[in-house]
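For reference, the structure is listed below as C-alpha cells.
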Amino acid sequence: MKANGDEEAEKPRGEVEALKAQLTQEKKKSDELLNRLKYAQADLENYRKRMDKEMKEAGESLARNLLARVLVVQDELDLAAKQAEGEGDGKEFREGIAMVRKKLEAALESVGVERVAAVGMPFDPAVHEAVEKVQGSSKEDLVVEEVRPGFMFRGQLLRPSMVKVELASKPAREEKRVE
Numbered sequence: 407m408k409a410n411g412d413e414e415a416e417k418p419r420g421e422v423e424a425l426k427a428q429l430t431q432e433k434k435k436s437d438e439l440l441n442r443l444k445y446a447q448a449d450l451e452n453y454r455k456r457m458d459k460e461m462k463e464a465g466e467s468l469a470r471n472l473l474a475r476v477l478v479v480q481d482e483l484d485l486a487a488k489q490a491e492g493e494g495d496g497k498e499f500r501e502g503i504a505m506v507r508k509k510l511e512a513a514l515e516s517v518g519v520e521r522v523a524a525v526g527m528p529f530d531p532a533v534h535e536a537v538e539k540v541q542g543s544s545k546e547d548l549v550v551e552e553v554r555p556g557f558m559f560r561g562q563l564l565r566p567s568m569v570k571v572e573l574a575s576k577p578a579r580e581e582k583r584v585e
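Under the working numbering, the residues of the sequence shown are numbered 407 to 585, in order.
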C-alpha cells in the first residue's frame with residue numbers, strides 16, 4: 407500500500423512543480439511584455455518631442471523667410487523716403503512714408519526682429535558685412551557708416567549689416583615689416 411500511496415503523493419507534487427514552472431514562464435512573458443511596453447512609451451515620447459521641435463523649427467524658418475522678404479520692402483521704403491527728402495513740395499508724401507516706416511518697424515519689433523547695432527561699434531564679421539574699407543587712426547576697426555541695416559530674429563542673424571569700416575591704424579613696427 408505504501409507504494410501506491412507514494413505514487414498518489416508524488417502526483418500532486420508533480421502537478422505543483424509543473425504549475426510552478428508554468429508560472430515562472432508566464433512571469434517571464436509578462437516581464438518581457440512590460441519591457442516592450444516601456445520601450446514603446448519611451449519611443450512615443452521621443453517622437454512627440456522630435457515632432458514638436460521640428461514643428462517649431464519649421465515655423466521659425468517660415469517666419470525668417472517672410473521677414474527677409476519684408477525687410478527688402480523696408481529697404482525700398484527707406485530709399486523712397488531718402489529720395490522724397492530732397493523734394494521741396496512733397497511734405498505729405500514724406501510724412502506718409504515716415505508713418506508707414508514707423509508702423510513697419512513696430513510690427514517687426516513685435517515679432518522679435520531687432521536691428522543690428524552698427525555705426526560707432528567695433529566691426530564684427532559675424533553681424534557686419536564690410537562693403538568699403540578706409541584707413542583710420544583708431545585702435546580697432548570701427549563701423550563709420552551703415553549702407554544697409556542688418557537684423558536679428560530671436561537671437562539669430564537674419565541679415566548682416568552692410569557697413570563702411572574704418573580700419574585700425576597699424577603700429578610703426580608692423581608698417582616697417584610690411585615694407
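Glycine residues also receive a C-beta, built at the ideal position from the N, C-alpha and C atoms.
Host beta strand (DSSP E) of V569 (start-end):
S567 to L573
Would you call the region 542-549 and the region 509-521 in contact, with 3 or more CB pairs under 8 Å?
no
Taking just the CA atoms, how far does A487 sit from E552?
16 Å
A524 and S575 - do their beta-carbons sit closer together than 7 Å?
no
CA-CA distance, L439 and R456?
25 Å
I want to know whether the region 529-543 touches the region 498-515 - three or more CB-CB distances under 8 Å.
no
Endpoints, the alpha helix (DSSP H) within which K509 is located:
K497 to S516
A430 to N452, Cα distance in whole Å?
Inspection of the sequence shows that residue 430 is occupied by Thr rather than by Ala. Each residue's alpha carbon lies about 33 Å from the other.
Using C-beta distances below 6 Å, list every residue in its chain close to K570, excluding the 5 sequence neighbours before and after it, in chain order.
E538, V550 and E551
Unbroken beta strand (DSSP E) run spanning K539, endpoints
H534 to Q541
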